[in-house]
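These notes are about the structure you will find just below.
Chains as they are written, first to last, in this note's numbering: chain B, 1 to 113; chain W, 114 to 226.
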């Protein structure tokens with residue numbers, strides 16, 4: 001079966017711009033989580049969606065937002081980009097939202113210049 | 114707040130030996146503790162999950178132990194191979210966490226031929 005697909009793989013944006021990242025989960029998986037990975041902070045949880053509803057949110061500013069569509073595909077948006085937003089953004093899907101392993105995509109490498 | 118530490122940033126071992134990685138946490142024990150492997154530029158790959166009421170879990174050459182008294186998990190790779198070289202991440206998952214995994218910073222394992 002196809003894995004978790006994230007697009008685009010690489011992105012370069014200018015400070016102040018906004019960006020939208022996309023994630024297609026494994027077919028049948030309804031839970032989609034987003035993480036930011038940086039060398040200094042490691043993997044940090046952004047938010048989780050289940051059946052189009054955001055059920056959990058990490059400690060990130062309101063510039064970070066997301067949504068999930070009826071087919072479980074998810075997007076995350078970052079507005080007013082800052083240099084510190086440069087990171088690998090990872091999406092993970094799961095059949096349930098607890099007690100099972102998560103399948104991660106390969107991520108989107110965002111560079112803000 | 115919950116803290117999770119993986120004791121070694123890097124671990125170098127000889128092929129054929131057993132690699133042992135450590136994960137320690139503070140505060141209360143998670144419902145599940147998970148281990149992931151991450152290769153450069155890729156998303157984490159789920160390896161094993163152990164529940165708080167389990168002491169040990171095995172999968173092929175991998176073994177995970179979970180000691181809620183010590184607040185520690187050990188991850189073992191027996192008969193290690195150069196292909197096992199990667200960064201290994203431990204992650205805590207609490208009941209009802211809704212996609213929020215708390216990750217350690219990881220241990221970079223290098224297996225030399």
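The beta-carbon is built from N, C-alpha and C at its ideal position, and this holds for glycine as well.
CA-to-CA distance, residue j to residue i, given in whole angstroms
i: residue 156 of chain W; j: residue 91 of chain B; result: 9 Å
i: residue 117 of chain W; j: residue 215 of chain W; result: 8 Å
i: residue 60 of chain B; j: residue 81 of chain B; result: 13 Å
i: residue 195 of chain W; j: residue 153 of chain W; result: 15 Å
i: residue 197 of chain W; j: residue 28 of chain B; result: 30 Å
i: residue 114 of chain W; j: residue 101 of chain B; result: 23 Å
i: residue 222 of chain W; j: residue 208 of chain W; result: 30 Å
i: residue 226 of chain W; j: residue 202 of chain W; result: 23 Å
i: residue 7 of chain B; j: residue 105 of chain B; result: 10 Å
i: residue 21 of chain B; j: residue 193 of chain W; result: 37 Å
i: residue 182 of chain W; j: residue 51 of chain B; result: 37 Å
i: residue 26 of chain B; j: residue 73 of chain B; result: 9 Å
i: residue 170 of chain W; j: residue 191 of chain W; result: 14 Å
i: residue 172 of chain W; j: residue 148 of chain W; result: 12 Å
i: residue 211 of chain W; j: residue 43 of chain B; result: 16 Å
i: residue 55 of chain B; j: residue 49 of chain B; result: 6 Å
i: residue 160 of chain W; j: residue 220 of chain W; result: 15 Å
i: residue 168 of chain W; j: residue 67 of chain B; result: 38 Å
i: residue 142 of chain W; j: residue 30 of chain B; result: 27 Å
i: residue 186 of chain W; j: residue 17 of chain B; result: 42 Å
i: residue 85 of chain B; j: residue 13 of chain B; result: 10 Å
Residue j beta carbon less than 8 Å from that of residue i
i: residue 205 of chain W; j: residue 146 of chain W; result: yes
i: residue 19 of chain B; j: residue 93 of chain B; result: no
i: residue 199 of chain W; j: residue 164 of chain W; result: no
i: residue 53 of chain B; j: residue 24 of chain B; result: no
i: residue 184 of chain W; j: residue 119 of chain W; result: no
i: residue 189 of chain W; j: residue 132 of chain W; result: yes
i: residue 88 of chain B; j: residue 15 of chain B; result: no
i: residue 46 of chain B; j: residue 64 of chain B; result: yes
i: residue 108 of chain B; j: residue 11 of chain B; result: yes
i: residue 3 of chain B; j: residue 103 of chain B; result: yes
i: residue 58 of chain B; j: residue 166 of chain W; result: no
Task: Cβ contact check for the region 31–49 of chain B and the region 133–144 of chain W: 3 or more pairs under 8 Å - done: Contact fails between the region 31–49 of chain B and the region 133–144 of chain W, because fewer than three Cβ pairs, one in each stretch, are under 8 Å apart.
TODO: Mind the definition here: the region 104–112 of chain B touches the region 175–188 of chain W only if three or more C-beta pairs lie below 8 Å; say whether that holds.
DONE: A contact is defined here as three or more CB-CB pairs under 8 Å, and the region 104–112 of chain B fails this definition with respect to the region 175–188 of chain W.
- [ ] Answer yes if the region 76–94 of chain B comes into contact with the region 115–130 of chain W, meaning at least three C-beta pairs across the two stretches below 8 Å, and no otherwise.
- [x] The region 76–94 of chain B and the region 115–130 of chain W do not touch, with fewer than three beta-carbon pairs separated by less than 8 Å.
Open item on the list: Output needed in chain order: residues of the region 199–223 of chain W with a Cβ under 9 Å from some Cβ in chain B.
Closed with: Residues passing the 9 Å Cβ filter: 202, 204, 206, 207, 208, 209, 210, 211, 212, 213, 214, 215, 216, 217, 218 and 219.
Open item on the list: Beta carbons nearer than 9 Å to chain W: which residues of the region 79–111 of chain B have them?
Closed with: Against chain W - using a Cβ distance shorter than 9 Å - the residues of the region 79–111 of chain B are 88, 90, 91, 92, 94, 97, 98, 99, 100, 101, 102, 103, 104, 105, 106, 107 and 109.
Open item on the list: What are the residues in the region 114–133 of chain W lying within 8 Å of chain B by C-beta distance?
Closed with: Taking a C-beta cut-off of 8 Å against chain B, none of the residues of the region 114–133 of chain W qualify.
- [ ] Note down, in chain order, all residues in the region 149–168 of chain W with a beta-carbon under 9 Å from any beta-carbon belonging to chain B.
- [x] Taking a C-beta cut-off of 9 Å against chain B, the contacting residues of the region 149–168 of chain W are 149, 151, 154, 155, 156, 157, 158, 159, 160, 161, 162 and 164, listed in chain order.
- [ ] Enumerate, from N- to C-terminal direction, the unbroken beta strand (DSSP E) stretches of 3 or more residues contained entirely within the region 140–186 of chain W.
- [x] Counting whole runs of 3 or more residues, the region 140–186 of chain W contains the beta strand (DSSP E) stretches 145–151, 158–164, 169–172 and 175–180.
Open item on the list: As an exercise, report each continuous alpha helix (DSSP H) stretch of at least 4 residues that is fully enclosed by the region 55–83 of chain B, in chain order.
Closed with: Counting whole runs of 4 or more residues, the region 55–83 of chain B contains no alpha helix (DSSP H) stretch at all.
- [ ] Check distances from the C-beta atoms of the region 41–55 of chain B to those of chain W and list, in chain order, the residues that come in under 9 Å.
- [x] Correct list: 41, 42, 43, 44, 45, 47, 48, 49, 50 and 55.
Open item on the list: Against chain W, which members of the region 57–80 of chain B pass a CB distance test of less than 8 Å?
Closed with: For the region 57–80 of chain B, the set of positions with a beta-carbon nearer than 8 Å to some beta-carbon of chain W reads 58 in chain order.
Task: Residue ranges of each beta strand (DSSP E) within the region 14–41 of chain B, 3 or longer - done: Segments of the beta strand (DSSP E) lying fully in the region 14–41 of chain B: 19–24 and 31–38.
- [ ] With 7 Å as the C-beta to C-beta threshold (strictly closer), list the residues of the region 18–42 of chain B near chain W in chain order.
- [x] Within the region 18–42 of chain B, the residues whose Cβ lies closer than 7 Å to some Cβ of chain W are 31, 33 and 42, listed in chain order.
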